[in-house]
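Down below is the structure, laid out as structure tokens.
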Amino acid sequence: MWTETAEGHQLVGEISKEIVAQMAPEEMEMFDELLQEHFQNPKPSTTGDEPLGFGGDLMVAMTPVVAIAVEAVVKFLLEEVIKAAKQESATLIVQKVKTIFNPSKEKTGALPKLTPEQLQKVKDLVRKEALRGGMKPKKAEDVALMITARLALAD
């Protein structure tokens, strides 16, 4: 899948970094290392064996959990774009093929906004992945809202 490519890793990393910087700035010093560990072993830790902290005050690292959620959203969005592309009219497809051969005449337009139903699916998907990764419910909801808001407000 595209999210496993270098370009996919870069996108997931950029989005994850923004979210972690806002929600867990104390983790930024370790962000790159945690992200690389995630890409090498992308399965969520269901045993909580990657805690941060000392003594009895342990918490799950946010970076890999956010990366898992972002990857899930990117995969969902790719599927939605593929579905939408399949539903385009023959005229629009012909237009796109023409722009491949003559890119200077390409008319770029804004990408279609996600529907409220699609945004709800994104939010549910992020929350599910964050909880599965060991994040506390309040943090999982905050991450889900942050990612959903970013998509809803995208130009």
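Its first residue numbered 188, the sequence shown is counted upward by one per residue in the numbering used here.
For each residue, glycine too, the CB sits at the ideal point set by N, CA and C.
- Taking each of Glu191, Glu220 and Thr250 in turn and checking the Cα distance to Ser203, the smallest one comes out for Thr250.
- Around the beta carbon of Thr192, fewer than 16 other beta carbons lie within 10 angstroms, which makes this residue exposed.
- Contact between Val313 and Val261 is ruled out by a C-beta separation of about 11 Å, above the 8 Å threshold.
- Cβ neighbours of Thr190 within its own chain (closer than 7 Å, five residues either side excluded): Val199, Glu258, Val261 and Lys262.
- Within the same chain, and ignoring the five residues on either side of Leu222 in sequence, the residues whose Cβ sits closer than 7 Å to its Cβ are Gly200, Ser203, Thr250 and Ala254.
- Taking 7 Å as the cut-off, the Cβ atoms of Leu338 and Ala327 do not count as close.
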